[in-house]
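Student: Take this structure first; my questions come after.
Numbering (our numbering), first residue to last: 4 to 132.
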């Protein structure tokens, strides 16, 4: 199993679509066998889904995530565990053991309002406006 955790300075980055890096961990028999930090190279939102799929990621752990990104990941067979914070390394080990659960508090809903006043649609291709 491969787990990708949004990552910056050792911590879980709090916005999936703007994550500068992912901590990618390979897991066998509930144990982390390898881990490396991989740059997203500025990819955002929908490009991150393709990026993670190409890395054969099975599960994403993150802080906040919009419903469009969650739906896109799940459509590719990638499990989402949102609403997390703190140490990325600790989260990797907890996830490997099956001890992390998706938290509805991680739902980012600023992409689903009636206006674009809270963000610029030119920054990404959210597809919902």
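Glycine included, each C-beta is placed from N, C-alpha and C at the ideal position.
Rounding to the nearest angstrom, what Cα-Cα distance links residue 121 and residue 109 in this structure?
Tutor: Interpretation of residue 121 is limited by its pLDDT of 37, a score under 50 that renders its predicted location unreliable; the figure taken from the coordinates is listed afterwards. Whole-angstrom Cα-Cα distance: 18 Å.
Student: Assign residue 131 to one of three DSSP states: helix, strand, or coil.
Tutor: Low local confidence applies: a pLDDT of 35 at residue 131 is under 50, so the model's placement there is unreliable, with the coordinate-based value given in what follows. Coil at residue 131, not helix or strand.
Student: Would residue 64 and residue 85 qualify as a contact pair, given that the criterion is a beta-carbon distance under 9 Å?
Tutor: A contact, by the Cβ cut-off of 9 Å.
Student: Taking only runs that begin and end inside the stretch 38 to 82, name each unbroken beta strand (DSSP E) of 3 or more residues, in chain order.
Tutor: As far as the stretch 38 to 82 is concerned, its whole beta strand (DSSP E) runs of at least 3 residues are 62 to 64.
Student: Excluding five sequence neighbours on each side, which residues of the same chain lie with their C-beta closer than 6 Å to the C-beta of residue 62?
Tutor: Correct list, in chain order: 6 and 82.
Student: Kindly indicate which residue of 17, 34 and 27 has the alpha-carbon position closest to the one of residue 99.
Tutor: Looking at the Cα atoms, 34 is the closest of the given residues.
Student: I think residue 1 touches residue 52, with their Cβ atoms under 8 Å apart; what is that distance to the nearest whole Å?
Tutor: In the structure as shown, the chain starts at 4 and stops at 132, and residue 1 therefore has no counterpart that could be examined.
Student: If you reduce the DSSP assignment to three classes, tell me which class residue 16 lands in.
Tutor: Coil at residue 16, not helix or strand.
Student: Quick one: measure Cβ to Cβ for residue 66 and residue 18, integer angstroms, because I've assumed they're closer than 8 Å.
Tutor: Contact flag correct, Cβ pair sits at about 7 Å.
Student: Can you have a look at residue 106 and say buried or exposed, based on whether 16 or more other CB atoms are within 10 angstroms of its CB?
Tutor: Exposed.
Student: Looking at the secondary structure, which residues open and close the beta strand (DSSP E) in which residue 26 lies?
Tutor: Here the beta strand (DSSP E) through residue 26 covers 24 to 31.
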